[in-house]
Amino acid sequence: MRNFLSPLNTPIHQWSEKRVWIVGASSGIGLALAMSLLEAGAYVTLSARREAELLAFASKYPRATVVAFDCADRQIWPAALGSTLASMGHIDLVVLGAARYDPMNSWEVNVEHVEQSFELNVVSVYRALACLVPYFLERQSGGIAFIASISAYTGLPRALAYGATKAALNNLAETLYFELAPKGLNVYLINPGFVETPMTAKNDFKMPSLISPQRAAAHIVSGLERGKFEISFPAGFAGFLRLLSRLPYRFRFPLLHKMTGL
Ligand SMILES: NC(=O)c1ccc[n+]([C@@H]2O[C@H](COP(=O)([O-])OP(=O)(O)OC[C@H]3O[C@@H](n4cnc5c(N)ncnc54)[C@H](OP(=O)(O)O)[C@@H]3O)[C@@H](O)[C@H]2O)c1
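According to the numbering used here, the sequence shown is numbered sequentially starting from 12.
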């Protein structure tokens, strides 16, 4: 029985023999996380579209396998889950991190990019859940982790579509935790700040508190081990933005203008 001080998820004490499926593992945070978990002794199935990159990486680790697919394919998830189970036997944890980011201001709405962002960052996650939740419920154990973003906390310039998709994941993860934790499943909400990856390479502004993908992976692994529900980092910047998001709008908006210089 959990009390108010207990971790919200089951702490993970060792990774050896754990089976982890990372979706969005060909670069950036997903790739660094895969490396950390493989080095800690876990079995990892890596997924993304770029099969050659995944296979080249996996060839260095006997416990790594690859299931390459396009998450935006409407029909793909049952087959992708089947292939992952065929390669690892079972899944203890899935990390859903495939996403796209199209910087966009409100005066340059690109509806096609908005649709593609919601399709990949949000709708494909629901398609994944339609297969994964019944699987984990049947096993009566397992965990689902969403990689969202601290841009979910408050509307930010240039994040017109991206921020909204990540806010949707924050809400989704809360509902999922509420419904699945009593059934013995773990649900994690990962909210990174700025991480130096191909995704942020397109940003033309100075990113505050930018960290490496390896640092991001270390935060994620530590949060999973401690059984946290929300894993947000780096602490100072994430905490500041969280605090800002709790302020009344009359204070929040001027502070955001000052902070971003916009
Ligand atoms: N970098 C940051 O500052 C930051 C901050 C907050 C949150 N995040 C989140 O962290 C996650 C990882 O991002 P990242 O920064 O590490 O960027 P990244 O290096 O661009 O990684 C994105 C991953 O998603 C995969 N992906 C993209 N479209 C896909 C598709 N249609 N089907 C399957 N896989 C697909 C990519 O692989 P392929 O191209 O091979 O398919 C790649 O492995 C994302 O959810 C992102 O929103 C990043």
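All C-beta atoms in this analysis are idealised placements derived from N, C-alpha and C, irrespective of residue type, glycine included.
Here's the rule: buried if 16 or more other CB atoms are within 10 angstroms of the residue's CB, otherwise exposed. What is residue i?
i, result
"P89", "exposed"
"N116", "exposed"
"S58", "buried"
"Y188", "buried"
"N274", "No answer is possible for residue 274: it lies beyond the span of the chain, which begins at 12 and ends at 273."
"K177", "buried"
"Y199", "buried"
"R276", "Any question about residue 276 goes unanswered here, given that the chain covers just 12 to 273."
"N132", "buried"
"G35", "buried"
"T56", "buried"
"Y54", "buried"
"G108", "buried"
"Y137", "exposed"
"T165", "buried"
State the DSSP-derived secondary structure class of residue i, mapped to helix, strand or coil.
i, result
"V120", "coil"
"S58", "strand"
"I231", "helix"
"M115", "strand"
"L107", "strand"
"F240", "coil"
Between the options, which lies nearest to residue i when the distance is taken from Cα to Cα?
i, options, result
"D215", "N132, P114, E190 and S256", "P114"
"A67", "E190, I102, S38 and D81", "S38"
"M46", "A227, F262 and R253", "A227"
"G41", "N197, E207 and L171", "E207"
"F248", "L221, V34, N197 and Q225", "L221"
"P265", "A175, I231 and L167", "L167"
"G153", "I102, E185, T165 and V106", "I102"
"P73", "E50, C82, E241 and D84", "E50"
"V232", "L48, V31, L16 and P209", "L48"
"N197", "K71, T186, E130 and A75", "T186"
"Q127", "E149, S256, A172 and L104", "A172"
"A83", "R60, A229 and V31", "R60"
"L252", "G238, L267, I242 and R261", "L267"
"S160", "A175, Q151, E149 and R150", "A175"
"H24", "Q151, G204, M210 and G234", "G234"
"V77", "T95, V106 and E123", "T95"
Margin query: Suppose only complete runs of 4+ residues qualify. What are the alpha helix (DSSP H) ranges in the region 138-211, listed by chain order?
Written below: Runs of the alpha helix (DSSP H) inside the region 138-211: 173-191.
Notebook entry, point to check: Can you list the beta strand (DSSP E) stretches of 3 or more residues lying completely in the region 23-77, in chain order?
Noted result: The region 23-77 contains these whole beta strand (DSSP E) runs: 30-34, 54-58 and 75-77.
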